[in-house]
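**Q** So that we are looking at the same thing, I have put the structure below in structure tokens.
Structure representation (structure tokens):
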């Protein structure tokens with residue numbers, strides 16, 4: 001399973017990429033990844049006028065968007081909009097970071113799951 005990610009390079013510039021989560025046969029219930037240890041779970045409500053300029057992620061974390069949409073911008077100006085049902089791996093914990101802003105005057109509900117050191121993806 002491929003999920004989008006934001007990561008930083010050695011020069012501290014952020015980029016979009018993909019993380020490939022290996023899946024294995026789980027029998028009649030479908031394909032499963034290995035268990036991934038998690039740190040903290042943070043629930044967040046972001047206001048409809050949210051517009052946070054350049055900032056690194058505070059930790060390696062998975063962002064699960066439950067409601068609303070947000071646009072993320074990386075160092076080269078590339079932008080992507082993510083919405084309800086999307087998962088984004090945030091790994092740009094150093095350097096320039098990214099920008100994020102609310103879209104369409106929508107409140108966003110999301111869950112952040114911090115990842116321990118050694119997360120392999």
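Numbering (UniProt numbering), first residue to last: 1 to 121. Where a beta carbon is used, it is the ideal one built from N, C-alpha and C, also for glycine.
Select from 56, 13, 36 and 106 the residue whose C-alpha is nearest the C-alpha of residue 82.
**A** What you label residue 82 is simply residue 82 of the chain shown in a count that begins at 1. The shortest Cα separation from residue 82 among 56, 13, 36 and 106 belongs to 106.
**Q** Grab me the residues of residue 42's own chain with a C-beta within less than 6 Å of its C-beta, minus the 5 sequence neighbours each way, in chain order.
**A** Residue mapping note: residue 42 aligns to position 42 of the chain shown, counting from 1. Contacts found: 112.
**Q** From the DSSP output, in three-state form, read off residue 29 for me.
**A** Position 29 of the chain shown, counted from the first residue, corresponds to residue 29. Of the three classes helix, strand and coil, the one that applies to residue 29 here is helix, per DSSP.
**Q** With a Cβ-Cβ cutoff of 9 Å, do residue 108 and residue 67 count as a contact?
**A** Along the chain shown, one-based indexing puts residue 108 at 108. Along the chain shown, one-based indexing puts residue 67 at 67. Taking 9 Å as the Cβ cut-off, residue 108 and residue 67 qualify as a contacting pair.
**Q** Determine the DSSP secondary structure at residue 75, reduced to helix, strand or coil.
**A** Counting from 1 along the chain shown, the entry for residue 75 is found at position 75. In this structure, residue 75 counts as coil in the three-state DSSP scheme.
**Q** Please check the pair residue 32 and residue 115, which I expect to be a contact at CB under 8 Å, by giving their CB distance rounded to whole angstroms.
**A** Locating residue 32 in the chain shown gives position 32, counting from the first residue. Locating residue 115 in the chain shown gives position 115, counting from the first residue. With 8 Å as the limit, residue 32 and residue 115 do not qualify as a contact, their Cβ atoms being about 18 Å apart.
**Q** Once DSSP output is grouped into helix, strand and coil, what is the label at residue 110?
**A** Residue 110 sits at position 110 when you count from the first residue of the chain shown. Of the three classes helix, strand and coil, the one that applies to residue 110 here is strand, per DSSP.
**Q** Just to confirm the assignment: which complete beta strand (DSSP E) runs, minimum length 3, are found wholly within the segment 32-76?
**A** As far as the segment 32-76 is concerned, its whole beta strand (DSSP E) runs of at least 3 residues are 41-46, 51-55, 61-67 and 69-73.
**Q** Please list, in chain order, all residues of the same chain as residue 22 whose beta carbon is under 7 Å from its beta carbon, the five residues on each side excluded.
**A** As a working note, residue 22 is residue 22 in the chain shown. Cβ neighbours of residue 22 beyond the five flanking positions: 33.
**Q** Closest to residue 1 by C-alpha separation, out of 12, 30 and 11, would be which residue?
**A** Locating residue 1 in the chain shown gives position 1, counting from the first residue. The shortest C-alpha separation from residue 1 is found at 30.
**Q** Can you give me the C-alpha to C-alpha distance between residue 110 and residue 27, rounded to a whole angstrom?
**A** Your numbering for residue 110 matches position 110 in the chain shown. Your numbering for residue 27 matches position 27 in the chain shown. Whole-angstrom Cα-Cα distance: 31 Å.
**Q** With a 10 Å radius around its C-beta and 16 neighbouring C-beta atoms as the bar for buried, classify residue 91 as buried or exposed.
**A** For the purposes of this step, residue 91 is taken as residue 91 along the chain shown, with counting starting at 1. So residue 91 ends up on the buried side.
**Q** Kindly identify the DSSP beta-bridge partner or partners of residue 83.
**A** In the chain shown, residue 83 corresponds to position 83, counting from 1. Answer by DSSP bridge pairing, in chain order: 69.
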